[in-house]
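Worksheet for the structure shown next.
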Amino acid sequence: MSFRNNGRAVRGRKQFRPKREKRRLLPFGSNMAENFRGAFQRLASQLTDDDTDNDEERQSQEIRSLHHHENVPSSSNFSALPSDSNFIGMESRSTRHRSEMQSRKSHPKGLKGKEIGLWYRDRDRNKNLNKSEKKEKKKKCEVIEIYLDEEDEKQIREMLNSIKTEFPHPIQKAIPKFDAMSDSEDEAAAMDSDSDLINETNPDDWKEVTNVKRKSDKSIKQEFSKSKEVKLQSANAKYEHLEESAFKKKFLRSITGTIEKNVMDSLNTKKLVRNPELDKQMVNKLNSKIKSYEFQSMLSYRKKLPAFKMMKEISDTITSNQVVVISGETGCGKTTQVAQFILDNEIQMGNGSITYIVCTQPRRISAISVAERVAEERCEVIGMNSVGYQIRLESKLPNSRGAILYCTTGILLKKLAEDPALLDVSHLILDEIHERDTLSDFVITILKDVLPKRSDLKLILMSASLNAESFSRYYNNCAMLHIPGITFEVKQYYLEDVLEMTKYGGRLKEKISVTSKRNRKKKQEQQDYSNMIEPYIRLCELEKKYSKTTLKLLENMNIEEIDLEMIVDLVEYICYNKNDGAILIFLPGWDKISQLHSLLQESQLLKRKQCLFIPLHSMISTMQQKSAFKRPGRGVRKIIISTNIAETSITIDDIVYVIDSGKTKMKNFDVLNNITTLKEEWVSLANATQRKGRAGRVRKGECYHLFSRAREQELASYPLPELMRTRLEEVILQAKMLQVGYIKPFLSKVMNPPDLIAIDISLELLMTLNALDDEENLTPLGYHLAKLPLDPQTGKMILFAAIFSCVDPIFSVAASLNHRDPFIIPPIAKKEAATEKWKELAGNTKSDHLAVVQAIYNWETAEKQRRGFQFAKQYFLSHSNIAFLCNLKKQFAQELYGMKFLNFPSEKNEDANLYSNNISVLKAIICAGLYPNVAIIRDIQFKSRRVIKYIDTPEDGKVQLHLKSINYDEHDFESRFLMYHLKLKSFAVCLHDTTMVFPLPLLFFGHKFEISRLNEMVVITVSKDIQFTCLESTALLIKELRQRLDLLLEHKICHPGVINWSPDSDEGILLRAIIKLISSEDKRLTNVYKSDEALEEDESGDSDSDDYYDSP
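Using the UniProt record's numbering, the first residue of the sequence shown is number 1, and each one after it goes up by one.
Spelled out as structure tokens, the structure:
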């Protein structure tokens, strides 16, 4: 085995010993292992004697004392416990009886007649039960030994003793026998009692009613008002121990107020006050501008837009209604023109001084580009007059009155948190709301409560034409306008037409003739398909439009699977029978794109034509993406193979033919299994319409849908709103900042409310992260996390990076998790070369996250030497992505500087990076942010020259590492714990990014653990799946360090400030002691591992933890 321990193979698998291994070392200390082996053998013998004496009650008590009823230590490849210890005495009599029954081939002698039949019945009945017990036994927690060097332990104890601040808790000196203690028993008991009280009084305790009908709005409001008083009274008492500070005042205000009260308080002030003199100046300035040559030139272009032709109708409708829904096709001009119509109309009416228009955009780039375009049309410099923009940490603001501000939806949420009545806004435009992203749905729900109290606030919702009616209904059937678009006619063909054109049926018939009759699910799917397709086939037979071969093929549901060979035939058909023009092919993912790309290049018919094949995916390099926009030379047909990135995000203006596979990969959240899934699904009608529209931009086009007309009738009208298919942690934190109260009543008012189970899962994670308390109130940590533009786990990671002084590398990790990693999908021929380069960046860290750190660091170094682009190309990195990630890092530094966790607004500041070269600290902070996302390597085996890793997570059971992960081919792990961020289920549950961590970070940054004593052994339990053994002195040291760390973290979170690292500072001494402990574990286990492998590298004895960054 690759894991260094003295155990045998997990769960009875054959132990693998690579030939290069000549000896096996115990990384956790062989002396300790021998002691524990003796202890367990004595315990097993004692329990066996008890069983012989029929003292079953005592036996059960002994078993229950082992790891709290269920976690009996078992052998493991990672365990210091002996795999051959005899635990037979721990089995119950019934279990042994079943085993004896099943071991017999025939019944015992002496049975007669009916007794024989009953014996066989019981044997067969117990077979399944025995199998399930074996399955559960395999899942038993495996105990790992932690061993500290005596000298290290002594030094750390001396460091703790030098701390002058009095410890508020009595320091534990010993662990009683057969006694379990938590590192916060009193607190846990208090939490349990508080939870009982909340369950009795909290009207939002809906955890038990996830399958019950939703409560009425009236009952929700009544129950919500009853609980308000309880929350107001308890908040001040709960945090009275905090020192008085500006942070404490803001924090308490955020958890004791309500949005209704905040809106009423805000209405007592009036920000937009009419200024008659300013009104006249604005009118004169506008009239003067209209007469200018530059403005008239721009006006001639604007007049060509469909929206301009409806200018008066749009202005009048907005003036006479508080809420208006404006729908329009792409290119109609609604985004750039509507805000200008409103501004010019209000200025001409003498209302310029009380007009301030905010227009939201779902993406940062669109907010900037639209603002720049509108400023250009108004002949202005952006940010200097009436047009500006504001995105996260970047802005060019316009005038405070008579102006238009384009911003992201996130910026609007911040404005709502500061001023829930939006008193400085006269008109609010929410653009692209048809995308149904989470923040837009959230804002729409908030505004529905604000508008009745702000009768002078105008709300304009702008959407694609397909689902505008639903928004109108949500706002009580408000006024609607539709603006036509500019597109050319696109002729549509369907699957049955494609089969007729290509004559592909002969080969396809052979491929799909076999149907799985044994699979019930498959049979049901076939039946559902038959119910859908048969009426349509009968209609086609009457019309005699299609051949019998085509109609026969339509009868089998396998015809709807993506057939790449048929797509190749269709491309050949277009190239030989249609006029020139680029072809755009929509496929659901990179796997299909790469396969089709290879098939098209191999096509003999296409080789006779001049074709340019371009794969298009969000993860390929920018240079490759740009080639899709360039027009090819004369006589060359451009063929683009793309995901849905080409639906809306980009426009390729020379597309004439579109091939729509009808499938897309949609990320969804499976609430029953608590996992994000990424599976192929049918597109919606809205998606299909968008795809069709790509062919009609410059001239008449054609669209080939690879699904039947019958299937089209079954497609959903629109994609599922993001709020219903994503995790909700960020939404909940934002809602808490706006003080909406208990989250379930609030989210029940959304247009399409999310599943109650999804809410429960997100609440549970936020409570695990200590972002919310048991009453759903923000904690001080949650207050900070809500203010960061990151998901809660990544936000926690960068806060801890500031505290442990390692911000630069951790900011690199956080930026990649927040946006995307810098690695690109290489050309198929260079896949292996790319993998080797990425492994080179990771070194021996066993970490995808630290590979990103090294990539960004090396790129920054190369960029200073003006060879950043060359380095990115050499290591298969996206130059533009890395530049973006570096910009994000600067923004994180500014955020933490504003929150007083950094002294300087720079991630490169030396004082903020004292431990940035310590790999142990970096892994520990990654663990702090990603916890509880822990995977456990149970075993590694070599089969047919392949490495097979048996990895599982507590929630999902067996999981796999993604092909792109650095650890995919790795088989030498010094620890069995992997932290991960992204877990997706497609063909299997895959971990996309992992970092191997040692046990101690889990103890310091994971769940609050429990310590129990069993004879000479001390067991530390983090969870039912994670347990460790160690000496008593080690357990007591870890316990005290963890308690002191928790107190320090609570203090720093509640009193933001930079850590004092001076030699005599108590907080500096404590953190250095923890860092020394974590680093010694990492260094010791790594060095033991290296010696066991007889590695001759690193002869100086230095570990990776001493200096991580390498030169490029």
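We put the CB at the ideal spot given by N, CA and C, even for glycine.
Would you say the segment 773-788 touches the segment 853-867, given that touching needs at least three Cβ pairs under 8 angstroms?
Judged by Cβ distances under 8 angstroms, the segment 773-788 makes no contact with the segment 853-867, as fewer than three pairs qualify.
If you check the beta carbons only, do S353 and R274 fall under 8 angstroms apart?
Yes, Cβ-Cβ distance for S353 and R274 is below 8 angstroms.
Grouping DSSP H, G and I as helix and E and B as strand, with all else coil, what is C146?
The sequence given here places Ile at residue 146; Cys does not occur at that position. Note: I146 maps to coil in three-state DSSP.
When you compare the CB positions of V852 and P822, do they come within less than 8 angstroms of one another, or not?
Yes, Cβ-Cβ distance for V852 and P822 is below 8 angstroms.
Taking the Cβ atom as the reference point for each residue, do I404 and L343 lie within a distance shorter than 8 angstroms?
Yes, the pair counts as a contact, with Cβ atoms nearer than the cut-off.
Excluding five sequence neighbours on each side, which residues of the same chain lie with their C-beta closer than 7 angstroms to the C-beta of S463?
The residues are V325, S327, I433, H434, F471.
Under 7 angstroms Cβ to Cβ from E561, same chain only, skipping five residues before and after it: list those, please.
Closer than 7 angstroms at the Cβ level, and outside the excluded window around E561, lies no residue.
Within 10 angstroms of the Cβ of Y576, are there 16 or more other Cβ atoms? Answer buried if so, exposed if not.
Exposed, because fewer than 16 other Cβ atoms sit within 10 Å of the Cβ of Y576.
I need the straight-line Cα distance from V1058 to H1051, nearest angstrom please.
Their Cα atoms are separated by approximately 12 angstroms.
Pick out whichever of T995, M282, R820 has its Cα sitting closest to the Cα of N385.
Of the listed residues, the one whose Cα sits closest to N385 is M282.
Give me whichever residues DSSP pairs with G328 in a beta bridge.
DSSP output for G328 lists I483 as bridge partner(s).
For G388, does the three-state DSSP call read helix, strand or coil?
Here G388 sits in strand by DSSP.
Enumerate in chain order the residues of its own chain whose CB-to-CB distance from A801 is below 6 angstroms, with the five nearest sequence positions on each side excluded.
Correct list, in chain order: V807, I810, I925.
What are the uninterrupted segments assigned as beta strand (DSSP E) that are 3 or more residues long and contained completely in the segment 378-457, given in chain order?
Fully enclosed beta strand (DSSP E) runs of 3 or longer: 387-391, 394-396, 403-408, 427-430.
Do D992 and F247 have their CB atoms nearer than 8 angstroms?
The sequence given here places His at residue 992; Asp does not occur at that position. No, these two residues do not count as a Cβ contact at 8 angstroms.
Could you check where the beta strand (DSSP E) with M979 kicks off and where it finishes?
Unbroken beta strand (DSSP E) run through M979: 977-980.
In chain order, what residues of the same chain lie with their CB nearer than 7 angstroms to the CB of Y980, ignoring the 5 residues before and after it?
Once the five neighbours on either side are set aside, the close Cβ partners of Y980 are L930, N933, A935, L991, D993, T994.
Rank R694, S684, N673, F629 by C-alpha distance to the C-alpha of V656 and give the top, closest one.
Looking at the Cα atoms, R694 is the closest of the given residues.
Identify which residue in R373, I175, E329 has its Cα closest to the Cα of R697.
R697 has its Cα closest to that of E329, out of R373, I175, E329.
Please state whether DSSP places E647 in a helix, a strand or coil.
Of the three classes helix, strand and coil, the one that applies to E647 here is coil, per DSSP.
Taking all protein chains shown into account, decide if V381 is buried (16 or more other Cβ within 10 angstroms of its Cβ) or exposed.
By the neighbour-count rule (16 or more Cβ atoms within 10 Å), V381 is not buried but exposed.
Using the beta-carbon count (16 or more within 10 Å), is R253 buried or exposed?
So R253 counts as exposed.
What residue does the beta strand (DSSP E) around M1017 start on, and which one ends it?
It spans 1017-1023 - the beta strand (DSSP E) in which M1017 sits, taken as one unbroken run.
Rounded to whole angstroms, what's the CA-CA distance from S603 to S906? Just pull it up for me.
So the two alpha carbons sit approximately 54 angstroms from each other.
Which of the three DSSP states, helix, strand or coil, is assigned to N909?
In this structure, N909 counts as coil in the three-state DSSP scheme.
Is it true that the CB of H705 sits closer than 8 angstroms to the CB of G662?
Taking 8 angstroms as the Cβ cut-off, G662 and H705 qualify as a contacting pair.
Measuring only the C-alpha atoms, how far is P826 from A307?
About 43 angstroms.
Can you check which of these residues, S369, N351, A479, D419, is closest to G402 by C-alpha distance?
Comparing Cα positions, the closest option is N351.
Residues in the same chain with beta-carbon distance under 8 angstroms from S717, minus the five sequence neighbours each way, listed in chain order, please.
Excluding sequence neighbours, S717 sits near L466, N467, S684, L685, A686.
Express the C-alpha separation of E970 and S847 in angstroms, rounding to a whole number.
Taking the straight line from one Cα to the other gives about 11 angstroms.
Suppose you measure from the CA of P203 to the CA of I318; what does that come to, to the nearest Å?
At P203, the pLDDT of 33 sits below 50, so the modelled position is not reliable and the matter cannot be decided from this model.
Is the beta carbon of K304 sitting closer than 8 angstroms to the one on E489?
No; because the gap between Cβ atoms is not below 8 angstroms, this pair is not in contact.
How would you write the range of the beta strand (DSSP E) that W859 sits in, first residue to last?
That residue, W859, is in no beta strand (DSSP E); its alpha helix (DSSP H) goes 848-864.
Evaluate L542 with the Cβ neighbour count: other Cβ atoms within 10 Å of its Cβ, from every protein chain shown; 16 or more gives buried, anything less gives exposed.
L542 comes out exposed.
Taking only three categories from DSSP, how would you classify G898?
Correct three-state label for G898: helix.
Under the rule that 16 or more other beta-carbon atoms within 10 Å means buried, what is I567, buried or exposed?
Buried, by the Cβ-count rule.
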